[in-house]
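K.L.:
In this note's numbering, the protein residues as written are 840 to 906. Have a look at this one.
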């Protein structure tokens, strides 16, 4: 894994613990130039993970909520 991607993965893992697979799949989606839909139970850290990724990549964050 390239050092930059590994550093990003480690950074996200410090924000969201115990979601290693979600972080890996999120990074795969981003690197592939695709979109990612985060689905999980309420309070599992989906929004926090998305915000952390946006901050780590110096990108804007916006949220679409369907409840």
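In this text, a Cβ means the ideal position worked out from N, Cα and C, and glycines have one as well.
1. To the nearest angstrom, how far is the alpha carbon of residue 872 from that of residue 901?
2. With a 10 Å radius around its C-beta and 16 neighbouring C-beta atoms as the bar for buried, classify residue 865 as buried or exposed.
3. Enumerate, from N- to C-terminal direction, the unbroken beta strand (DSSP E) stretches of 3 or more residues contained entirely within the segment 842 to 887.
4. Look at residue 851 and residue 877 and say whether their C-beta atoms are less than 8 Å apart.
5. Less than 8 Å between C-beta atoms, sequence neighbours within five positions excluded: which residues of the same chain meet that for residue 870?
P.N.:
Let me spell this out:
1. Cα to Cα, residue 872 sits roughly 18 Å from residue 901.
2. buried
3. none
4. no
5. 844
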